[in-house]
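When the sequence shown is numbered by the working numbering, its final residue is 1037 and no position is left out of the sequence of numbers. All residues carry an ideal CB built from backbone N, CA and C; glycine is no exception. Have a look at the structure below before the remarks.
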Amino acid sequence: MAETASQALDPELKATIQAAYRQVLDGLELTPRYGQRLMIAEIARTLGGIEADDAGRRLSNEHVCVLEAGTGTGKTLAYLLAALPIAQARGKRLVISTATVALQEQVLHHDLPALKAHSGLDFEYALAKGRGRYLCVARLDQALEGGEDNPTLSLFEEAMTSRDGDDFQALAHEMAEAYSAGRWEGDRDSWPTGIDDADWRRLTIDHRQCTNRRCGHFGACAFFRARRGLDQADIIVANHDLVLADLSLGGGLVLPSPKECIYVFDEGHHLPDKALDHFYHRLPVNGTLRWLRTLKKSLTELNTALTVQPTLARLLSSLPEAIAALEPRLGEAFAMGHSIAELEHGLPEEASDAVHHRFSMGRVPEALSEQAGAMVTAFAELSRTLESMADILRESLDPEKATGLPREQAEAWLPLIALLHGRTLEAHALWQALATTDPEDGVPQARWLTFERVAGEAELTFSASPVSAAETLARHLWGTCYGAVVTSATLTALNRFERLQERAGLANRYRYQRLPSPFDYSRAVLSVPPEAVDPSNREAHERALIDFTQALGEREAVLMLFSSRKQMRAVLDALPEAVRQRVLAQNHLPKRELLQRHRARVDAGEGSIIFGLASFAEGIDLPGEYLTHVVITRLPFSVPDDPVGATLAEWIESRGGNPFMRISVPDASIRLVQACGRLIRKEADQGRITLLDRRVLTRRYGRALLDSLPPFRREIDGVAQ
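See below:
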């Protein structure tokens, strides 16, 4: 380990980490890697240097380190070895968060068992999932009895199952038998076959619908059994979505409180986009009107079931007026949206895709802002009514509290009332976002309308989203956690961390380090051949791609990455039959099967060409002879034409900035590094990367993009550089 790592590190902890590292290397017969040792050192120095008071509360503000560690560094073992002993010594929990299921499974089923077997460290670990991934035993019990206690609930949940009743009943009985016998732990992901979404919705619930300890099935609850495992775990394996969802609920509901956690965000470059998804609000007008009308139709049934309780009777009596206030306002909003977008007669018949109308700089017209303000008030009143009803229903489940409502009635109707309360809160948040004026000097929210046809009917959806998650992450994650490590193979853009800092709210005072790769990149050639064409000439570029594909060696193992599905299809259709037979195109087969066929062809000594889109530029692992040639058809620029990206670009431009150089070029740099990273996966790998976009030679940003790539040997227009 580097000496700098232990400056603020307790000698005993330093010795523990060093001993564990030696034992893992010996036990797994691994060779020590310089980048891995440096990573252990950086993490130990950062986390070991955190100052805290006697109660364990963090006092210092240099508690985050950001480490770019390329493939082959061995970063998973590095961060586990460095962070675990410190977390245990400080009485904190280590939360490992990944962006993909594949990495989560690797950590859970490979890296942690190996660490436990060979490091000499004593620890327990568990997997954390959201409540919606687990079976609700109470709902399963209802299904086994042949139906819902509350017959209107399925209408609200839109649980129109794809199976007929007999098939669903058979599934429910099979699950009940497996769960009671201990052969299944009740989580969706470990059920041996796929479960239809509509069927699963009938068997699970969300946090608002759950009655927790008041449920008659609490002792057998799959989610709380899993939670009890978390309580004993030193290491919790989660994903970015779950961490962010827990933070958005205040923290500490599913995972431990952030102040008690040291987080490791592996695949950390995904975190800003994941965070944006959690703070995006939308409201489909006709969808909302449908559930309000269903509620109105259900009032007779609700009154029959619940008015025996006086407070519920009073609250129920206010619902007709609340619904009556909302229905016409939603109708007005529907008409106003069409008028604003000049679509008074709806979408043209020839429009097959959704149409967006984005508000410039996120500023909605005054009339819509006023309408949104009225909606905020109306949905707030409905939300308070439903929340009060849900509270009484929960109390009615407690045998020590006499509310006057039978437990059976409360248990039957709480899921529906909680579901409606959740929908009302979502509607309130959307209208609040439309009614709020952005600070004059701050980054605006994106606000837009979407017009589309759903099941043949016109729908208008109002949407609002922050254009950056930086402030939210800075306040609720980095500002509250005890410590954190952010790592990935691609965190820098154009060799700098500024783009990530800007998007993820990471402060300049944190530690940033690019770790050296163990790979010899001179084993690969980066080529911009004479056939490379400027894609602005679409026909010439497409012809060049067709000719280049035809000229590929018959036994080459190739990954060809396209930025356009349309162009990918056009090139495929234009190829001679003999060449087309060697092509495996994305979406023609499931991803797993496509990769299996590719490997089988290579094993048989045959050529194989994968045609893929952007998703194949990341996470594809084809080492050795399985991939010897990566072809990038076009520089991976994404035009910020989605409402969120367009609003951010507009704001940057309004402040004298250049959105292309500030957003598009850095983001293209990250994607280009990821695409090139498909080739060298092991130390002995070699091959060629071909870039068929001449702009990398002719535009002023081209040099910066090339210089951000690993030090491959270069070949320009057939001449070695």
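- DSSP lists Trp764 as the beta-bridge partner residues of Arg674.
- If you draw a straight line from the Cα of Thr777 to the Cα of Trp607, it is about 15 Å long.
- Arg530 sits away from Arg455, with the two beta carbons spaced by 8 Å or more.
- The C-beta of Gly498 has fewer than 16 other C-beta atoms within 10 Å across all chains shown, which makes the residue exposed.
- Judged by their CB atoms, Ala430 and Leu344 are nearer to each other than the 8 Å cut-off.
- Counting along the chain, the unbroken alpha helix (DSSP H) around Cys992 starts and ends at Val981 to Cys992.
- Within the same chain, Asp326 and Leu329 come within 8 Å of Ala405 by CB-CB distance, once the 5 residues on both sides are set aside.
- In this structure Leu363 touches Gly799 by the C-beta definition: roughly 5 Å separates them, less than 8 Å.
- Excluding sequence positions up to five before and after Cys452, its CB lies within less than 7 Å of the CB of Leu519, Thr520 and Ile521, all in the same chain and listed in chain order.
- Across the set Phe932, Ala486 and Asp937, the C-alpha of Phe932 shows the shortest separation from the C-alpha of Leu988.
- The alpha-carbon of Pro508 is positioned some 14 Å away from that of Ala492.
- With 16 or more other Cβ atoms from the protein chains shown falling within 10 Å of its own Cβ, Leu735 counts as buried.
- The C-beta of Pro832 has fewer than 16 other C-beta atoms within 10 Å across all chains shown, which makes the residue exposed.
- The beta carbons of Pro892 and Asp1033 sit no closer together than 8 Å.
- With a minimum length of 3 residues, the unbroken runs of beta strand (DSSP E) contained wholly in the stretch 539–582 fall at 551–555 and 577–581.
- The beta-carbon separation of Gln902 and Leu868, rounded to 18 Å, does not stay under the 8 Å limit for a contact.
- With contacts defined by Cβ atoms closer than 8 Å, Ser779 and Gln761 do not form a contacting pair.
- Non-local beta-carbon contacts of Ile733 in its own chain, meaning distances under 7 Å to residues more than five positions away in sequence, involve Leu702, Met705, Ala706 and Leu709 in chain order.
- Remark: C-beta atoms of Ala745 and His597 approach each other more closely than 8 Å.
- Between the stretch 620–635 and the stretch 575–588, the count of C-beta pairs closer than 8 Å stays below three; the two stretches do not touch.
- In the structure shown, the three-state DSSP call for Thr416 is coil.
- Judged by their CB atoms, Leu684 and Glu643 are not nearer to each other than the 8 Å cut-off.
- For the 8 Å CB-CB criterion, Thr808 and Arg830 form a contact.
- With contact defined as three or more Cβ pairs closer than 8 Å, the stretch 881–895 and the stretch 855–873 are in contact.
- Annotation for Met884: the continuous alpha helix (DSSP H) segment containing it runs Arg881 to Ala890.
- A straight line joining the alpha-carbon of Arg739 with that of Glu648 spans about 20 Å.
- If you compare the alpha carbons of Phe439, Leu611, Glu658 and Gly662 with that of Arg674, the shortest gap goes to Glu658.
- The three-state reading of DSSP puts Leu663 in coil, since its state is none of H, G, I, E or B.
- Nearest to Asp919 by C-alpha distance, out of Arg908, Gly940 and Pro906, is Gly940.
- Membership of Glu775 in the beta strand (DSSP E) is indicated by the continuous run Glu773 to Pro782.
- No residue range can be given for Arg449, since it is assigned to no alpha helix (DSSP H) and is classified by DSSP as neither H nor E.
- One alpha carbon belongs to Val899, the other to Glu909, and they sit about 14 Å apart.
- For Gly795, no alpha helix (DSSP H) encloses it, and the DSSP letter there is neither H nor E.
- DSSP places Arg827 within a strand segment (E or B) once states are collapsed to three.
- When DSSP states are grouped into helix, strand and coil, Gln352 belongs to the helix group.
- One thing to note: Ile551 has its Cβ within 8 Å of the Cβ of Tyr441.
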